[in-house]
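Heads up, the sequence shown is in this note's numbering, so the first residue is 1 and it goes up one at a time. Cβ atoms here follow ideal geometry from the backbone N, Cα and C, with glycine treated the same way. Scroll down for the structure; my scribbles are underneath it.
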Amino acid sequence: MKKTYQIDENGYYGKFGGAYIPEILHRCVADLQAAYLTILGSEPFKTEYRRLLRDYAGRPSPLYHAVRLSAKTGCKVYLKREDLNHTGAHKINNTIGQILLARTMGKTRIIAETGAGQHGVATATVCALMDMPCVVYMGKTDVERQQPNVQRMQMLGATVVPITSGNMTLKDATNEAIRDWCCHPSDTFYIIGSTVGPHPYPDMVARLQSVISEEIKWQMLEKEGRDYPDYLIACVGGGSNAAGTIYHYVNDERVKIVLAEAGGKGVHSGMSAATIQLGREGIIHGARTLVMQNADGQIEEPYSISAGLDYPGIGPVHAYLAEEKRATVLAVDDDDALEAAFELTRLEGIIPALESAHALGALKKVRFAPSDVVVLTVSGRGDKDMDTYIKWKKEI
């Protein structure tokens with residue numbers, strides 16, 4: 001029987017995944033588990049979802065042959081331009097799908113967590129579109145370093161709640177969102193932004209983001225005469241853009257998968273978010289996965305210059321792919337990511353998000369053959385990171 005890397009009927013990727021939740025949320029999660037595949041597979045859902053992706057989000061996103069970057073890299077590099085979506089990142093693919101699901105299930109209030117703010121903006125956007133109240137939890141550290149996105153969320157009508165616990169970043173925002181959900185289980189739908197959380201969220205988010213690899217297949221056929229590349233490269237924090245990039249290729253062994261996680265100041269510096277390198281098996285936010293933790297099982301605080309990648313866990317699908325060696329996982333340090341961002345900007349006139357810059361930083365860590373075709377997902381645009389870019393450039 002051919003090996004599959006997709007989720008099983010119990011919500012696990014190998015030993016990773018599942019739903020480890022407080023009793024008060026059992027009904028919410030069980031209802032979602034029972035409903036999501038039926039709703040996502042229904043014709044009314046698919047029709048409206050596809051319409052909104054096309055007419056509202058602006059899909060399909062281009063697959064761009066980066067000629068000058070290719071010459072520098074020594075192979076043919078295509079960029080999957082998720083930065084050109086409405087709201088500036090891949091996140092809108094997921095939030096459109098989840099709010100349609102929430103509406104179908106009769107939910108009337110939306111909550112979300114956000115790190116870099118892109119998921120928060122995408123959630124606030126679809127809540128404005130669907131006339132639903134929206135509360136976004138965001139760590140105070142991230143509120144301060146991602147002010148443009150905070151202002152966008154507020155302009156869209158969302159309530160942004162700064163979190164001052166822990167190191168005031170994505171993990172802490174997620175903790176508070178789950179507390180809110182526990183207090184309002186009947187009317188509230190939690191739009192999780194990545195392939196994390198209890199089953200069915202990792203699978204549901206991956207399915208909604210799979211439009212990325214669905215498009216790559218026909219775009220590759222148009223441009224290269226075959227529907228697959230030799231390499232797929234994407235950044236991973238929780239891992240939603242990566243999950244969408246690889247979804248239709250994960251069982252195709254002809255395609256090599258490279259995941260770039262945040263090395264921070266260095267994997268062994270004590271200031272890193274390289275969960276796959278540093279993590280051990282554990283449970284975080286309702287799922288069994290790899291978790292950065294100390295000898296007592298307490299979660300270690302991650303660090304990355306990128307607000308979207310400093311998460312102490314990883315999507316269970318990516319933990320499984322790493323364990324099975326289906327994916328090569330590279331830690332890209334802050335400086336390498338920043339250099340890669342400036343290189344893309346100067347070579348191609350594209351300013352990437354700091355998250356995407358980590359994927360670009362992986363290009364120098366892989367030995368490509370001149371005939372290799374590489375597809376790298378630019379998950380978001382860099383408007384929100386301009387202060388960080390300018391400050392770093394002044395310091396070097």
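| Asked | Found |
| --- | --- |
| Close beta carbons around M105, own chain, < 8 angstroms, minus the five adjacent residues each side | D31, L32, A35, I39 and F189 |
| Local Cβ density within 10 Å of K365, reported as buried at 16 or more and exposed below that | exposed |
| Host beta strand (DSSP E) of C134 (start-end) | C134 to G139 |
| K80 versus G166 - alpha carbon distance | 35 angstroms |
| Residues bridged to L79 (per DSSP) | Y64 and L376 |
| Other residues of its chain near G139: CB distance less than 6 angstroms, five sequence neighbours each side excluded | I163, M168, T169, D172 and A173 |
| The segment 368–377 in contact with the segment 61–77 per 3-pair CB rule at 8 angstroms | yes |
| Span separating the alpha-carbon of G11 from that of D333 | 33 angstroms |
| CA nearest to the CA of I305, picked from W392, T289 and R27 | W392 |
| 6 angstroms CB neighbourhood of I350 in its chain, flanking five on each side removed | L344 |
| Counted within 10 angstroms of its Cβ, other Cβ atoms place C127 as buried (16 or more) or exposed | buried |
| L347 to R68 span [Cα, whole Å] | 6 angstroms |
| Host alpha helix (DSSP H) of D310 (start-end) | Premise fails: D310 is in no alpha helix (DSSP H) and is neither H nor E. |
| Beta strand (DSSP E) runs contained entirely in the segment 235–292, provided each spans 3 or more residues | 256–264, 280–284 and 287–291 |
| Among G297, Y20, I284 and H318, nearest to V250 - alpha-carbon criterion | H318 |
| Option nearest N85 by Cα separation, candidates I314, R103, L156 and P62 | P62 |
| CB contact flag (M430, I110, <7 angstroms) | Residue 430 is absent from the structure shown; the chain starts at 1 and stops at 396. |
| C-beta neighbour in chain D for A262, strict 7 angstroms | Here chain D cannot be found, since the structure has a single protein chain. |
| contact_flag[the segment 16–31, the segment 194–212] where n(CB pairs < 8 angstroms) is 3 or more | yes |
| The segment 262–273 contacting the segment 292–311, beta-carbon criterion three pairs below 8 angstroms | yes |
| Sequence-distant residues of its chain with Cβ nearer than 6 angstroms to Q277 (five each side left out) | V267 and A331 |
| Residue(s) in a DSSP beta bridge with G17 | Y12 and R288 |
| Cβ-heavy atom distance, V161 to the ligand GDP, below 6 angstroms | The ligand GDP is not part of the structure shown, which contains no ligands of any sort. |
| Three-way DSSP call (helix, strand, coil) for F368 in this model | coil |
| Helix, strand or coil at E324 [DSSP, three-state] | coil |
| Close-in-space but distant-in-sequence residues of the same chain around T114 (CB under 7 angstroms, 5 per side omitted) | G120, V136, M138, A173 and G193 |
| Buried or exposed (CB count within 10 angstroms, at least 16 for buried), A322 | buried |
| Residue of D383, V375 and D336 minimising C-alpha distance to I396 | D336 |
| Burial state of Q146, where buried means 16 or more other Cβ atoms lie within 10 Å | buried |
| Counted within 10 angstroms of its Cβ, other Cβ atoms place A295 as buried (16 or more) or exposed | exposed |
| Nonlocal neighbours in the same chain, by C-beta distance under 6 angstroms from L363, ignoring five residues either side | T73 |
| Assigned secondary structure, I216 (DSSP; H/G/I helix, E/B strand, else coil) | helix |
| Contact under 7 angstroms by Cβ, T95 with I191 | yes |
| For A112, the residue or residues it bridges with in DSSP | V136 |
| S240, buried or exposed, once every other Cβ within 10 Å from all chains shown has been counted against 16 | buried |
| Close beta carbons around G361, own chain, < 6 angstroms, minus the five adjacent residues each side | V332, D336, A337 and A340 |
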